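FYI, in the working numbering the residues of the sequence shown are 2 to 404.
Yeah, the Cβ is synthetic: ideal placement off N, Cα and C, and Gly gets one too.
Given the structure is predicted, the values throughout are model-derived calculations rather than measurements.
Structure first, then comments.
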Amino acid sequence: MIPFSPPRIDQKIIDEVVDTLKSGWITTGPKTKLFEKKLTAYAGHKTTLCVSSGSAGLELMLRWFGVGEGDEVILPAYTYCATANVIIHCGAKPVFVDVNESDFNISVKEIEKAITTKTKVIMPVDLAGFPCDYDEINSLVKKENISKLFIAKTKEQKSLGRILVLSDAAHSIGAKYKGIKTGSLTDISVYSFHAVKNITTAEGGAICLNLPEPFNNAEIYKDLNIKSLHGQTKDAYSKVKIGNWRYDIVEAGYKYNMTDVQASMGLVEIDRYDNNMIVKRKQIFDQYSKELLKYEWAKIPVYETPEKSSSYHAFLLRINGIDEEKRDKIIQSIFDKEVGVNVHFVPLPMMSFYKNLGYNIKDYPVSYKNYSCEISLPVYYNLSKENVQTVIKAVVESVEENI
Ligand SMILES: *Cc1c(COP(=O)(O)O)cnc(C)c1O
């Protein structure tokens, strides 16, 4: 059986985790702080706060910006539920928009149509690791006729004076747009280090702060650090220093901190990410593309253009001319050949919870079309060239049996 996406757990990772366990300091401490510094240096944004998950990071930033009841947040219909669920948690309304047929990412034209006086945030998702059209999105929120619509309620909203661009970069650490890495491309970006992501800390996430003037990102980091730890003015690590026991609670904060056990995995991965993990993933993408291009039915995902390069997170193959039912049959045949594949993603308006709120997939025809013929192929560090050939053979045979 070729699994879909096992994590890379080698001796280096094990040694670093054991080192943390033996150190006696297992929750947020020096390794988390070091991982934050490395992430900032890696992607070039202003500062980083590590958190317990990508979802926690997204929600914390919506709360920080004061998103709540009566507000709208624009996001693609084609994403994982985390992007939308955090909006619901805040009491705001997710406004789904359709995506591009070409690259699965949010359509800037559709964003523009969806903006109202209630819009507070746009959450683009770098789907499968391919960056969105950030020049267009960043200039859209600054356009006079658009920023005029913005109604600022909180101090943060007044300082920004326009819609916030909070990018869901769960898939895209290491991806580039015009030479700049995700993390530095928008006001705020959030990475996920969930077990299936390019860098994993088992569970975990990071908030990349890159807010413009007049924001002081270092000050915001301090506030968020408190917000992510119950509103407590001192974290556990500073409290254990002799005599430093007294602290205050300044708000009813959250419990969103990353632990040093998690950070130790991330520390190993970030150091070898560009020269090792990314290289390997790109090789797998190239091998799939080269071999599958031979088939007329195969639609290869866009993962490199003169302006953009992917983080090669997921290979979203499409099969031309099939419907959802046929796609499901093909997936079953692939599974029967002992190869694990997946679908990224079932559009959220098709999920019961969102359907029951009144969203209808008919309003997102491109998302539906992309989804109904999509099959994600395995991509991970330990997938050998021979494994890739096995996957390709299983896919080709399964398509040809069913088409
Ligand atoms: C994985 C994922 C997230 C959430 O990350 P967690 O760390 O699991 O909370 C958010 N958005 C997308 C698109 C994802 O795939």
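Query raised in the report: So who's on the other strand from T49, going by DSSP bridges?
Result: As a working mapping, residue 49 is identified with position 48 in the sequence shown. In DSSP, T49 forms a bridge with C209.
Query raised in the report: Can you check whether the CB of S54 is closer than 9 Å to the CB of S173?
Result: By one-based count along the sequence shown, residue 173 stands at place 172. By one-based count along the sequence shown, residue 54 stands at place 53. Not a contact, by the Cβ cut-off of 9 Å.
Query raised in the report: In chain order, which beta strand (DSSP E) runs of at least 3 residues are fully inside the stretch 24-86?
Result: Correct list: 48-52, 73-77.
Report task. Please look up how many angstroms separate the CB atoms of P77 and I88, rounded, as I've assumed it's under 8 Å. Result -> Within the sequence shown, the letter at position 76 stands for residue 77. Within the sequence shown, the letter at position 87 stands for residue 88. For P77 against I88, the beta-carbon gap comes to about 12 Å, at or over 8 Å, which does not count as contact.
Query - Identity of the residues DSSP links to D169 by a beta bridge - result: On the sequence shown, residue 169 is found 168 positions in, with the first residue counted as 1. DSSP, once it has assigned bridges, lists V126, V191 as partnering D169.
**Report entry** 8 Å contact criterion, which L293 and L318 should meet: CB distance rounded
**Finding:** As a position in the sequence shown, residue 293 is number 292, starting the count at 1. As a position in the sequence shown, residue 318 is number 317, starting the count at 1. That pair is a contact at about 7 Å.
Query raised in the report: CB V100 to CB K114, shorter than 9 Å?
Result: Looking up residue 100 in the sequence shown gives position 99. Looking up residue 114 in the sequence shown gives position 113. Contact flag unset, no.
Query raised in the report: Taking Cβ positions, are L167 and L59 nearer each other than 9 Å?
Result: The residue you call residue 167 lines up with position 166 of the sequence shown. The residue you call residue 59 lines up with position 58 of the sequence shown. Yes, these two residues count as a Cβ contact at 9 Å.
Query raised in the report: Under three-state DSSP, which class holds I174?
Result: Against the sequence shown, residue 174 aligns to sequence position 173. I174: coil per DSSP, three-state reduction.
Requested in this report: Report the residue from F66, T183, V392, K242 whose alpha carbon sits nearest the alpha carbon of A93.
Outcome: Within the sequence shown, the letter at position 92 stands for residue 93. Answer by Cα proximity: F66.
Query raised in the report: Roughly how many whole angstroms lie between the Cα atoms of H46 and Y135?
Result: In the sequence shown, the residue the question calls residue 46 occupies position 45. In the sequence shown, the residue the question calls residue 135 occupies position 134. Their Cα atoms are separated by approximately 15 Å.
Query raised in the report: Per DSSP, what kind of secondary structure is V251 in: helix, strand or coil?
Result: Start at 1 with the first residue of the sequence shown, and residue 251 comes out as number 250. Three-state DSSP puts V251 in coil, outside helix and strand.
Query raised in the report: Where does T120 sit, in a helix, a strand or coil, going by DSSP?
Result: Taking the sequence shown and counting its residues from 1, the one referred to as residue 120 is at position 119. Note: T120 maps to strand in three-state DSSP.
Query raised in the report: What number of angstroms, rounded off, separates the C-alpha of G175 from the C-alpha of P379?
Result: As a first step, residue 175 is located in the sequence shown; it is residue number 174 there, counting from the start. As a first step, residue 379 is located in the sequence shown; it is residue number 378 there, counting from the start. It is roughly 19 Å from the alpha-carbon of G175 to the alpha-carbon of P379.
Query raised in the report: Where does P307 sit, in a helix, a strand or coil, going by DSSP?
Result: Residue 307 sits at position 306 when you count from the first residue of the sequence shown. Three-state result, P307: coil.
Query raised in the report: Using a Cβ-Cβ cut-off of 7 Å (strictly less than) and excluding sequence neighbours within five positions of Y382, which residues of its own chain qualify?
Result: The sequence position of residue 382 within the sequence shown is 381, counting from 1. Hits under 7 Å: R9, M278, K281.
Query raised in the report: If you draw a straight line from the C-alpha of L40 to the C-alpha of E326, how long is it?
Result: As a first step, residue 40 must be located in the sequence shown, where it is residue number 39. As a first step, residue 326 must be located in the sequence shown, where it is residue number 325. Inter-residue distance for L40 and E326 is about 42 Å (C-alpha atoms, whole angstroms).
Requested in this report: Might you give, ordered along the chain, the residues of its own chain that have their beta carbon closer than 7 Å to the beta carbon of L141, omitting 5 neighbours on each side?
Outcome: Your numbering for residue 141 matches position 140 in the sequence shown. Taken in chain order, the residues that qualify are V109, I112, E113, I147.
Query raised in the report: Quick one: is E252 buried, meaning 16 or more other Cβ sit within 10 Å of its Cβ, or exposed?
Result: On the sequence shown, position 251 is the one that residue 252 refers to. Counting Cβ neighbours within 10 Å, E252 comes out exposed, since fewer than 16 surround it.
Query - Start-to-end residues for the alpha helix (DSSP H) that takes in I320 - result: Taking the first residue of the sequence shown as position 1, residue 320 is located at position 319. First-last for I320: 316-320, but that is the beta strand (DSSP E), not the alpha helix (DSSP H).
Query raised in the report: Is DSSP giving N343 helix, strand or coil here?
Result: Along the sequence shown, read from residue 1 onward, the residue named residue 343 stands at position 342. DSSP places N343 in strand when its eight states are reduced to three.
Requested in this report: Under 7 Å Cβ to Cβ from I15, same chain only, skipping five residues before and after it: list those, please.
Outcome: Start at 1 with the first residue of the sequence shown, and residue 15 comes out as number 14. Nothing listed; no residue qualifies.
Query raised in the report: Would a C-beta distance cut-off of 9 Å place Y178 and K309 closer than the cut-off?
Result: Taking the first residue of the sequence shown as position 1, residue 178 is located at position 177. Taking the first residue of the sequence shown as position 1, residue 309 is located at position 308. At a Cβ-Cβ threshold of 9 Å, Y178 and K309 count as neighbours.
Query - Burial state of N226 (16 or more Cβ within 10 Å) - result: Taking the sequence shown and counting its residues from 1, the one referred to as residue 226 is at position 225. N226 is buried by the Cβ-count criterion.
Query raised in the report: If we call anything under 9 Å between Cβ atoms a contact, is Y296 one with Y304?
Result: Here residue 296 refers to the residue found at position 295 of the sequence shown. Here residue 304 refers to the residue found at position 303 of the sequence shown. Cβ atoms of Y296 and Y304: not closer than 9 Å.
**Report entry** CA-to-CA distance, K182 to P307, given in whole angstroms
**Finding:** Stepping through the sequence shown from its first residue, residue 307 is reached at position 306. Stepping through the sequence shown from its first residue, residue 182 is reached at position 181. Cα to Cα, P307 sits roughly 15 Å from K182.
Query raised in the report: Can you check whether the CB of I320 is closer than 9 Å to the CB of I376?
Result: As a position in the sequence shown, residue 376 is number 375, starting the count at 1. As a position in the sequence shown, residue 320 is number 319, starting the count at 1. It is a contact, given that the beta carbons lie within the stated cut-off.
Report task. Write down the C-beta distance between T234 and D249 rounded to the nearest angstrom, noting that I regard them as a contact closer than 8 Å. Result -> Walking along the sequence shown from the start, residue 234 turns up at place 233. Walking along the sequence shown from the start, residue 249 turns up at place 248. So it is a contact: roughly 5 Å between Cβ atoms.
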